[in-house]
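Visitor: Have a look at the structure that comes next, please.
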Amino acid sequence: MSGTEESTDEQVVTYEVRGPVAVVTLNRPQYRNAQNSKMTYALDAAFAKAVDDPDVKAIVLAGNGKHFCAGHDIGTPGRDIDQSFERKAVIWWDHTDRAGVDARFARESEVYLGMCRRWREIPKPVIAMVQGACIAGGLMLAWSCDFVVASDDAFFSDPVVRMGIPGVEYFAHPWVMNPRAAKEFLYTGDRFGAGRAQALGMVNHVVPRAELEEATFAIAERIAQMPQLGLALTKKAVNQAEDLMGMRSGMDSVFGLHHAAHAHNAELDTDSLAGLDARSMAKASKQAAGES
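Mapping to our numbering: the sequence shown position 278 is 367, numbers consecutive.
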């Protein structure tokens, strides 16, 4: 198989259990673990498997390869936005026989916003183990987790304002960091390094890359010793408090703005992404970061 092809039977998410910890791993390293629908539903199945296993007390979400996740798949051979999957997160119609705003809203309500909200409610502690790039849709995956442990070379970015879009679908920015930092993060599209992300509260721990796995599993195994119901109720308590501070309703509001931006792009440009693809977005982000 060439570097530009993707097998239809490729295992885009892997699952294993190490003692009391389930490890769910994004497995498209050749595309920096870009998230297509196939990966989304494979993630959901893996998380459900971990929840149903009484011996699993905690879950680690990891990314295979150099990077955790470079965001939504907007340009690989495995891009599958026109494919239908069994819907799990919201009760809405299938997007594949719809067009325009109807199709985009139906798909993104399910695959992006709905799934991340579903995963946020997993009753077992979930720890994101982040190395390298955590960009746009990758942020959504990490922010759905309870803890984020990052390597010292990790960086975080949401550059989609370049497309005229006010942030990714799971708009947690003002809650995972303060509003002024969120505005800087979005207005500039700058990469926030692991140290700054930790200072803002987006990341719990930063460790050397070589120690990332060991440090993450040490935390997961320590948490796994706590009573399972106590952990589940504590997670629900914190999530409910966060929602009372406006997180859920705020996301609903911004999701509408997100789709207004898509519609504007589709009306004025060639598509809902303002004519930008993965290559052009990566090039612009590297230039902004001072890379060649």
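Ideal placement from N, C-alpha and C gives every residue a C-beta, glycine not left out.
Keep in mind the model is a prediction, meaning the values are calculated, not measured.
For the stretch 239 to 250 against the stretch 167 to 179, do three or more pairs of beta-carbon atoms, one drawn from each stretch, fall closer than 8 Å, so that the two count as touching?
Guide: Touching, no.
Visitor: Given this structure, state the Cα-to-Cα distance separating glutamate 95 from lysine 155, to the nearest angstrom.
Guide: For glutamate 95, the predicted structure reports a pLDDT of 48, less than 50, and the residue's modelled location is therefore unreliable. The matter cannot be settled from this model.
Visitor: Straight-line CA distance for serine 91 to asparagine 153?
Guide: Note on serine 91: pLDDT 35, under 50, position unreliable in the model; no value is reported.
Visitor: Output the distance between the C-alpha atoms of arginine 168 and threonine 323, rounded to the nearest integer angstrom.
Guide: Cα to Cα, arginine 168 sits roughly 37 Å from threonine 323.
Visitor: Just the C-alpha distance for glutamine 220 and alanine 239, rounded to the nearest angstrom, thanks.
Guide: Roughly 6 Å between the two C-alpha positions.
Visitor: Could you tell me if proline 316 is buried or exposed, where buried requires 16 or more neighbouring beta carbons within 10 angstroms of its beta carbon?
Guide: The residue in question, proline 316, is exposed, as its Cβ has fewer than 16 Cβ neighbours within 10 Å.
Visitor: Within 10 angstroms of the Cβ of asparagine 354, are there 16 or more other Cβ atoms? Answer buried if so, exposed if not.
Guide: With 16 or more Cβ atoms within 10 Å of its Cβ, asparagine 354 is classed as buried.
Visitor: So for isoleucine 224, helix, strand or coil by DSSP?
Guide: Reduced to three states, the DSSP call for isoleucine 224 is strand.
Visitor: So what does arginine 107 bridge to, in DSSP terms?
Guide: Looking at the DSSP assignment, arginine 107 forms a beta bridge with Val110.
Visitor: Return the CA-CA distance between threonine 97 and proline 166, expressed in angstroms with no decimal places.
Guide: With a pLDDT of only 49 at threonine 97, under 50, the local geometry of the prediction cannot be trusted, and the value read off the model is given with reservation. Threonine 97 and proline 166: Cα-Cα distance of roughly 10 Å.
Visitor: Taking 8 Å as the threshold, find out whether the stretch 298 to 317 comes into contact with the stretch 267 to 278 through three or more Cβ pairs.
Guide: These segments do not touch.
Visitor: Which of the three DSSP states, helix, strand or coil, is assigned to glutamine 287?
Guide: In the structure shown, glutamine 287 sits in a helix (DSSP, three-state: H, G or I).
Visitor: What's the gap between the Cα of phenylalanine 136 and the Cα of leucine 230?
Guide: One C-alpha to the other measures close to 12 Å.
Visitor: Considering only C-alpha positions, which residue in the set Val140, Asn116 and Gly164 is nearest to threonine 129?
Guide: The shortest Cα separation from threonine 129 among Val140, Asn116 and Gly164 belongs to Asn116.
Visitor: What's the C-alpha gap between valine 296 and valine 190?
Guide: Approximately 43 Å, taken between the alpha carbons.
Visitor: Tell me the rounded alpha-carbon separation between aspartate 171 and glutamate 199.
Guide: About 14 Å.
Visitor: Examine the ligand ATP and report whether any of its heavy atoms sits within less than 6 Å of the Cβ of aspartate 279.
Guide: With respect to the ligand ATP, the structure offers nothing, as it holds no ligand at all.
Visitor: Are valine 237 and valine 292 closer than 7 Å when you measure CB to CB?
Guide: Yes, the Cβ-Cβ distance between valine 237 and valine 292 is below 7 Å.
Visitor: Beta-carbon within less than 6 Å of arginine 207's beta-carbon, same chain only, minus the 5 sequence neighbours each way: which residues are those?
Guide: Only Ala178 meet the Cβ criterion.
Visitor: Which one of Ser246, Asp332, Asp235 and Arg193 has the shortest CA to CA distance from glycine 278?
Guide: With distances taken between Cα atoms, glycine 278 lies closest to Ser246.
Visitor: Do glutamine 124 and histidine 41 have their beta-carbon atoms positioned less than 7 Å apart in this structure?
Guide: Given that the chain is displayed from residue 90 to residue 381, the structure contains no residue 41 and the question cannot be resolved.
Visitor: Which of the three DSSP states is assigned to valine 327 in this structure?
Guide: Here valine 327 sits in helix by DSSP.
Visitor: Work out the CA separation of leucine 346 and isoleucine 216 for me, nearest whole Å.
Guide: Whole-angstrom Cα-Cα distance: 30 Å.
Visitor: Ordered along the chain, which non-local residues of its own chain (more than five positions away) have a Cβ less than 7 Å from that of alanine 352?
Guide: So the qualifying residues of the chain are Val190.
Visitor: Beta carbon of valine 101, beta carbon of lysine 138: below 7 Å?
Guide: Contact: no.
Visitor: Go ahead and pull the three-state DSSP assignment for alanine 349.
Guide: Alanine 349: helix per DSSP, three-state reduction.
Visitor: Which word fits glutamate 197, buried or exposed, when buried means at least 16 other C-beta atoms lie within 10 angstroms of its C-beta?
Guide: That one is buried.
Visitor: Quick check on the burial criterion: 16 or more other C-beta atoms within 10 angstroms. Buried or exposed for aspartate 133?
Guide: The residue in question, aspartate 133, is buried, as its Cβ has 16 or more Cβ neighbours within 10 Å.
Visitor: What are the residues that DSSP puts in a beta bridge with phenylalanine 281?
Guide: Phe245.
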